[in-house]
Structures are given as structure tokens and as C-alpha cells.
Amino acid sequence: MKTRTIGLVAILTLQAFLVQAQRTPKVISPNTPFDKAVAEAMIGKDGTCTIKGFVSKKGNYLVRLVELYPCTDYFLEFLELKQKDKKGKKAIYLSDEAYSYRILTMIGEDGSFEFKGLNPGKYYLQTRVVQTKVGNGEKQVGTETTTTYNGHGVQIGQGSRAIMEKTRFLYQTDEMFTKIVEIAANGQVINCTL
8 MKTRTIGLVA ILTLQAFLVQ AQRTPKVISP NTPFDKAVAE AMIGKDGTCT IKGFVSKKGN
68 YLVRLVELYP CTDYFLEFLE LKQKDKKGKK AIYLSDEAYS YRILTMIGED GSFEFKGLNP
128 GKYYLQTRVV QTKVGNGEKQ VGTETTTTYN GHGVQIGQGS RAIMEKTRFL YQTDEMFTKI
188 VEIAANGQVI NCTL
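Going by my numbering, the sequence shown opens with residue 8, and the numbers climb by one from there.
So, in C-alpha cells, the structure goes:
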């Protein structure tokens with residue numbers, strides 16, 4: 008009897024493990040090796056180039072940051088993998104090392120941002136803008152029931168209708184703005200809008 012119970016517990020445990028494994032998405036990363044030297048050369052301290060820009064949407068900036076990533080072959084493959092996953096169901100991540108080569112800058116009160124000390128090359132910029140908006144609508148505040156009788160006092164119908172009241176509500180939109188910017192020569196200042 009104990010052997011059957013242990014066997015049943017083992018089967019149920021294995022089945023639960025397999026179900027959980029099917030729910031957990033497989034983490035996907037680019038196959039191209041991350042080239043640390045290329046990334047360091049692009050964002051090195053000796054750079055003379057600048058990227059200036061504005062975030063086109065005004066709103067409550069989620070973290071008030073713009074991120075810059077050097078577009079190495081590794082990062083371009085990452086973007087391609089993300090683009091192929093249109094439904095966003097796959098877990099596609101940068102390696103910790105590649106992620107550490109991003110640069111962050113604050114968004115100013117007027118929506119401006121700036122990255123200095125860059126070298127020529129392609130760069131990927133991104134930011135998230137969360138906006139709080141006001142909408143108009145209706146909400147149900149009750150129900151009205153009507154009963155109809157004929158001339159003899161016999162009920163011949165009954166109906167209900169919702170009692171609605173106009174209301175205003177707040178909602179948020181959350182948008183990601185991205186752009187690839189290319190710097191062609193030393194000393195260049197690039198202006199862009201996200």
C-alpha cells in the first residue's frame with residue numbers, strides 16, 4: 008500500500024513539475040557574442056559627439072529617464088528577436104554584461120535630454136511615457152422596473168432598464184518610444200525626437 012502511495016505522489020509531483028515547466032517561458036538571448044571592446048569604444052570617455060533630443064509626448068514620465076544602448080551586432084540581433092516576437096510571448100533578454108553598457112540620462116522638465124562623450128556609431132534610444140488622462144462615460148447607479156397591466160388588472164408585461172449617470176474617470180496610457188540614431192563623424196551633434 009505504501010509503495011502505491013509513494014508512486015502516486017511521485018507521478019503527481021512529476022506532472023505538476025511538467026505543467027509548471029510548460030508555463031515558464033524559455034529565456035532567449037542573441038547567439039552573437041557580445042563584443043565588449045566595440046561597446047566600450049562607442050561610449051568611451053574620449054568621445055566628442057553628442058545626442059540631444061526631446062520626448063515628443065508630455066506626461067508623467069515613469070522614471071524620467073532615456074536609455075542609450077550602443078548598437079553592437081549583439082544588440083542588433085536582440086532587436087531583431089524582439090521584432091519577430093510580435094505578440095510579446097517570449098522572454099527575450101540582454102545578457103547582464105550587455106545590459107551594463109547602457110547609459111541613462113534624465114529627462115528635463117521641458118522634455119529634453121542629452122548624451123555627451125559618444126564616438127561615431129549607431130545608438131538605440133528608448134523611454135517610457137505614462138500619461139494620466141480623463142475620460143467621460145456612464146456608470147450604472149440603479150435599475151428601474153416597470154410592470155404593465157391590462158384593463159382587468161392582469162399583468163401583461165414587465166421590463167427593467169438601467170439607470171445611468173454621467174461620470175468622469177482617470178486612466179493611464181503607457182507608451183514606449185524608441186529610435187536608432189547614427190553618428191557619422193567625430194564632433195557631431197545629433198538632434199532627435201522620441
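Ideal Cβ placement from N, Cα and C applies to all residues, glycine included. Quantities reported herein were computed from a predicted structural model and do not represent experimental measurements.
Which listed residue (Gly124, Arg135 and Asn198) has its alpha carbon closest to that of Asp181:
Locating residue 181 in the sequence shown gives position 174, counting from the first residue. Nearest option by C-alpha distance: Arg135.
Quick one: what's Gly144 bridged to in DSSP?
Numbered from its first residue, the sequence shown carries residue 144 at position 137. DSSP lists Thr174 as partners of Gly144.
When we look at the beta-carbon of Ala46 and count the other beta-carbons within 10 Å, is it buried (16 or more) or exposed?
On the sequence shown, residue 46 is found 39 positions in, with the first residue counted as 1. Around the C-beta of Ala46, 16 or more other C-beta atoms lie within 10 Å, and the residue is accordingly described as buried.
Report yes or no: do the segment 80-97 and the segment 113-120 share at least 3 C-beta pairs separated by less than 8 Å?
With the cut-off at 8 Å, the segment 80-97 and the segment 113-120 do not touch.
Between Ser167 and Thr150, is the Cβ-Cβ spacing less than 9 Å?
Residue 167 sits at position 160 when you count from the first residue of the sequence shown. Residue 150 sits at position 143 when you count from the first residue of the sequence shown. Contact: yes.
Any idea if Pro3 is buried or exposed, counting beta-carbon neighbours within 10 angstroms, 16 or more meaning buried?
This structure leaves residue 3 out entirely; the chain is present only between 8 and 201.
Rounding to the nearest angstrom, what Cα-Cα distance links Arg109 and Lys94 in this structure?
One-based indexing of the sequence shown puts residue 109 at position 102. One-based indexing of the sequence shown puts residue 94 at position 87. Roughly 25 Å between the two C-alpha positions.
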